[in-house]
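Written out below as structure tokens is the structure these notes cover.
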Amino acid sequence: MQNSALDIWIAGAVAVVTVDFLVYPFDTLKTRIQSPNYNTIYKDATTNTVRKNVLFRGLYQGVFSVVLSTIPASGAFFTTYENVKATLNKTKSKSNSAILQATPAPMINAASSSAGEMVSCLLLTPAEVIKQNAQVIHNTPGGKGKGKAHPGNVTLQVLSRFRRHPWKLWSGYTALVGRNLPSTGVNFPIFEAVKGYLVDRRRRRLGYNTATNGADTARGRRGIQEEPVFERAVLTGVAASISGSIASVVTTPIDVVKTRMMLAAASDSSSGASTVAAVSRGKGNSIWAVGGRIFREEGVRGLFRGGAIRVVWTAISFCIYLSMYEGGRFYLEKRRAMRAELDNS
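Note that full-length UniProt numbering has the sequence shown beginning at 1, numbered continuously upward.
Printed below as a string of structure tokens:
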């Protein structure tokens, strides 16, 4: 029995809210490290050491804007992903074209995840702009934001900068898509391949004959029938952490560019002092212009700034996110199947 759209939305929403709250501090640290003002704000000019009291302050600033947007965005992504993948696989199986029949599964997974990402990015971009500006807003030159501040007040302060130019909340959409498309294009084919390998390996251990798609032993029949939700989630988590780590390394440069563009959006919309003055140097704020400026001023190292912490939190977040999504989806699927069986009996 296939999952309903409601199953997918519920599983995705629970997973994304949990992950947002658990790994958000890592994302804040990554944003601050990638900020063009990192050396002037977060490092002591005399000793060149990290000012930990500044770097680690307010790690949950802007979290609520992300939670409110990622619930519908995750639902939109997985609904699009699952439906496009099912449609492409159905078209492939019914087609008489040799080219379509020879289309590899990773290509279908990549196309499906890319379609889902383009839809979800429309919902995510404003939240990303608000979030990343909120993550650095109270650590700016000029003394603003000294001391503690409530995350909600920080979010409102960022929103006030966009009152005159609300469309700038979508600044960086192309960079977000440019980061997420390669990320999901690399991530999901690897994820599906690793997960498939782990699931097949487990089934062989239980005596499940993958060639005939059946269980050869009583233990195998019992194991496949029960297939614990927890074990399914663990296998998914392992596959997700591997694929997420690889994808995060590949896409770190475009993530740095995206961060700079989104931080610049608030300063472009505000008449006050710029929080990211270094981004505004030079002409143009396109992906290539910002990327070229980072390379000229900071070299290759600048394009990979924050890469290590991004790999760590991406591996953790993808592990939790996809394992909870898969486990929740599988649980809801089994529950609906059991209810249907009881209704028919």
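The beta-carbon is built from N, C-alpha and C at its ideal position, and this holds for glycine as well. Small disclaimer: the values here were computed from a predicted structure and weren't measured.
Check: Reference methionine 261; option with closest CA among Thr125, Val14 and Leu235; Outcome: Thr125
Check: Nearest candidate by alpha-carbon position, reference tyrosine 60, set Tyr24, Asn83, Ile137 and Ile41; Outcome: Tyr24
Check: Residues that valine 50 bridges to, as DSSP identifies them; Outcome: Lys43
Check: Pairwise C-alpha distance: glutamate 82 and arginine 164; Outcome: 39 Å
Check: Validate contact between the segment 320 to 335 and the segment 10 to 18 using beta carbons, cut 8 Å, 3 pairs; Outcome: yes
Check: Spatial neighbours of lysine 334 in its chain, beta-carbon cut-off 8 Å, leaving aside the 5 residues before and after; Outcome: Val229
Check: For arginine 163, the three-state DSSP class (helix, strand or coil); Outcome: coil
Check: Euclidean distance between Cα positions of lysine 92 and threonine 103; Outcome: 8 Å
Check: Assumed close pair alanine 73, leucine 123 - CB separation to whole angstroms, cut-off 8 Å; Outcome: 4 Å
Check: Three-state secondary structure (DSSP) of alanine 110; Outcome: helix
Check: C-beta contact flag for valine 154 and glycine 62 at 8 Å; Outcome: yes
Check: Neighbourhood of alanine 105 by C-beta, 6 Å cutoff - its chain only, sequence neighbours within 5 removed; Outcome: none
Check: 7 Å Cβ shell around lysine 85 - same chain, five flanking residues per side excluded; Outcome: Ile108, Asn109 and Ser112
Check: Sub-8 Å separation of lysine 131 and serine 65 beta-carbons; Outcome: yes
Check: Stretch pair the segment 237 to 246 + the segment 189 to 205: three plus CB contacts closer than 8 Å; Outcome: yes
Check: Nearest candidate by alpha-carbon position, reference isoleucine 246, set Ile190, Arg179, Asn89 and Asn133; Outcome: Ile190
Check: Ordered list of alpha helix (DSSP H) runs contained in the segment 9 to 89, each at least 4 residues; Outcome: 38 to 41 and 52 to 55
Check: Close-in-space but distant-in-sequence residues of the same chain around proline 253 (CB under 8 Å, 5 per side omitted); Outcome: Gly291, Leu303 and Phe304
Check: Residue from Ala315, Lys258, Leu100 and Asn187 whose Cα sits closest to the Cα of valine 19; Outcome: Ala315
Check: Spatial neighbours of glycine 185 in its chain, beta-carbon cut-off 7 Å, leaving aside the 5 residues before and after; Outcome: Ala110, Ser113 and Ser114
Check: Asparagine 344 beta carbon less than 8 Å from that of leucine 263; Outcome: no
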